[in-house]
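Heads up: the structure comes next, in structure tokens.
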Amino acid sequence: MSLMSLTAVELGKKIKKKEVTVREAVQAALDAITAREEAVNSFVTVDAEGALAQADEVQKKIDAGVLTGPLAGVPVAIKDNMCTEGLKTTCSSKILYNFIPTYSSEAVLNLQKAGAVIIGKTNMDEFAMGSTTETSAYGETKNPWNTGHVPGGSSGGSCAAVAAEECSYALGSDTGGSIRQPSSFCGVTGIKPTYGTVSRYGLIAYGSSLDQIGPIAKDVTDCATILEAISSYDPKDSTSIKRESYDFTSALVDDVAGMRIGIPRDYFGDGLDDEVKTAVLAAAKELEKKGAIVEEFDLGLVQYAIPAYYVIACAEASSNLARFDGVKYGYRTKEYDGLHQMYKKSRSEGFGPEVKRRIMLGSFVLSSGYYDAYYLKALRVKALIKKAFDDAFAKYDVILGPAAPTTAPKLGESLSDPIQMYLGDIYTISVNLAGLPGISLPCGIDSKGLPIGLQLIGDCFKENKIIRAAYAFEQTRTYTHSPITESNQKEESK
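Numbering (this note's numbering), first residue to last: 85 to 578.
Here you go:
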């Protein structure tokens, strides 16, 4: 059995007991990347030399008793939109093909303080704009369960890397479901915490009022442990919130007796795949058997979430991406006549079609004459969505539903119909608009052999409720390895 088949917490325990060295753990990750990367394409950058050097430093600190946490020495992959000092950070875009940051994002620094070893940067939809990880300038990432299908997005590289067991866990970012939807497609677990819980300092922004960093791992225990490590108040981030407690692992109890769980009827209408619906409702039944009180209710405003999200996110993106102009860093066109032509050509050649589409949409909704009609109206809808959730959480501890309407589509299907791709985020987007925490975890396999994901949503700062419900449900299932790792494990055991 490969060390990468262990959960992050299990591997951390083995390292602490001196059953495994940090170098051996990191080498196991690098060997898995060598074996599987050609088939999956999870990574943009693999830092083998740097990771092994980090491993030796971390080992010394573990031996000296300086590093005692559960993640010390465990290899991690970082989504390529988080700055990592001295390690290339591209947002999977040609326009940042040579950008090497001089500082690290706060979430990455928090992991390093916990003794994590960074092995590389994962592939993603360009500037996190997409739901399939097919818009990357470095080629599409493939789903380890079936390489003819997408892994989801935009954190598809991170989710595929965990599912393919190329790393113990990964960090992703979630603007409209970019952790939860690919976790669902890849059969792994991912948490999007309450907005402001994890610092956005060093995260290259897409939609600043929506972006949030979170963990992706094999199980709920790993996710809670990682979230505890990366969460902190950060004065460098104006949206960071000082919370009373960052204790998430205490919620890892198999007890949902009396917990009130609401199922929105709006989530189970047209467009939801029958197999997904059956698996998610079966998960609700399991929680009911354990003593939870499960009820259906009307959430409302679901149909307005997607248009409101794309207006707000694209408006923010058009502003955030204005800084990429070819002047100080990144891609610059070779031939130009004057400064304005350099801006135009650098951006035209450096950005991909999906990024251009969203910048243009954002610029349009912010333009004179359309600002009131679109952007202000979207902000009002956002406030109404938050109120609808507030009303729901006055009655329920947790809201349960699907993470995505279908399992992973085939490669190329979504790009040919962008509107259909946008509609695929229907169950995840409103969570970001309201700033709520959400978790996606596996709840079944469809007839094509692809994972189905369950989503649990909590009220602001109530991560512990969704972690408790997720952990209780997880006890009813065993973790299922993706076929790509199973075939490799058979080879290793020969």
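Don't be surprised by glycine CBs; every beta carbon is placed ideally from N, CA and C.
Per-residue DSSP class, three states only, for residue i
i	result
M166	strand
L534	coil
K320	coil
Y458	helix
K205	strand
K479	coil
T273	strand
D543	coil
I503	helix
V587	Outside the displayed range of the chain (85 to 578) lies residue 587, so it cannot be described from this structure.
L495	coil
L114	helix
G508	coil
S334	helix
S329	coil
G453	coil
S524	strand
N227	strand
G353	coil
F183	coil
L468	helix
P486	strand
L171	strand
I529	strand
L287	strand
Residues of its chain near residue i, where Cβ-Cβ distance is below 6 Å and the 5 sequence neighbours each way are ignored
i	result
V465	Y388, A392
V93	P154, T305, D306, T309
V360	P486, I536
A335	N548, I551, R552
K172	T129, I184
F545	T278
L180	T174, G414
T91	K302, D303, D306
T225	N125, S126, N207, T217, P235, G240, G241, A244
Limits of the alpha helix (DSSP H) - the one that residue i falls within
i	result
S432	423-434
T362	358-373
L195	190-197
L87	Segment: none, L87 is in no alpha helix (DSSP H) and carries neither H nor E.
R441	437-450
L517	513-517
Residue i, enclosing beta strand (DSSP E) - first and last residue
i	result
V128	127-130
V378	377-381
I300	296-301
D258	253-258
G240	Premise fails: G240 lies in the alpha helix (DSSP H), 240-247, not in any beta strand (DSSP E).
I347	344-348
Length of the line joining the Cα atoms of residue i and residue j
i	j	result
S402	F211	12 Å
G286	E169	10 Å
E190	G496	35 Å
T259	R561	29 Å
Q111	Y427	43 Å
P502	A397	16 Å
D350	L484	12 Å
A313	G528	29 Å
S267	D140	31 Å
E218	T323	30 Å
T491	G271	10 Å
V340	E558	12 Å
L423	V411	9 Å
A363	F381	19 Å
K144	E133	17 Å
T333	A554	12 Å
E575	S86	Caution applies to E575, whose pLDDT of 46 falls short of 50 and renders its modelled position unreliable; the value that the coordinates give is listed next. Taking the straight line from one Cα to the other gives about 11 Å.
S252	L95	8 Å
K440	K373	49 Å
G261	G240	11 Å
A247	F269	10 Å
Contact set for residue i: own chain, Cβ-Cβ below 7 Å, skip 5 residues either direction
i	result
Y480	R344, I345, G346
V142	V106, L151, A156, G157, G199, V201
L383	P348, D350, A472, A476
Y420	M426, K429
A518	I469, K470, F473
N404	A289, Y290, S292
Beta-carbon contacts of residue i that lie in its chain and below 8 Å, excluding the five residues immediately before and after
i	result
Y506	S215, I390, Y394
L385	V465, L468, I469, A472, S514
CB contact check: residue i to chain B, cutoff 8 Å
i	result
T562	Among the chains of the structure shown, chain B does not appear; only one protein chain is present.
Beta-carbon separation (whole angstroms), residue i vs residue j, contact threshold 8 Å
i	j	result
F489	Y511	It should be noted that the sequence gives Pro, not Phe, for residue 489. Right, the Cβ-Cβ distance comes to about 7 Å (below 8 Å), so this counts as a contact.
V124	P228	6 Å
C243	G236	6 Å
A221	K178	5 Å
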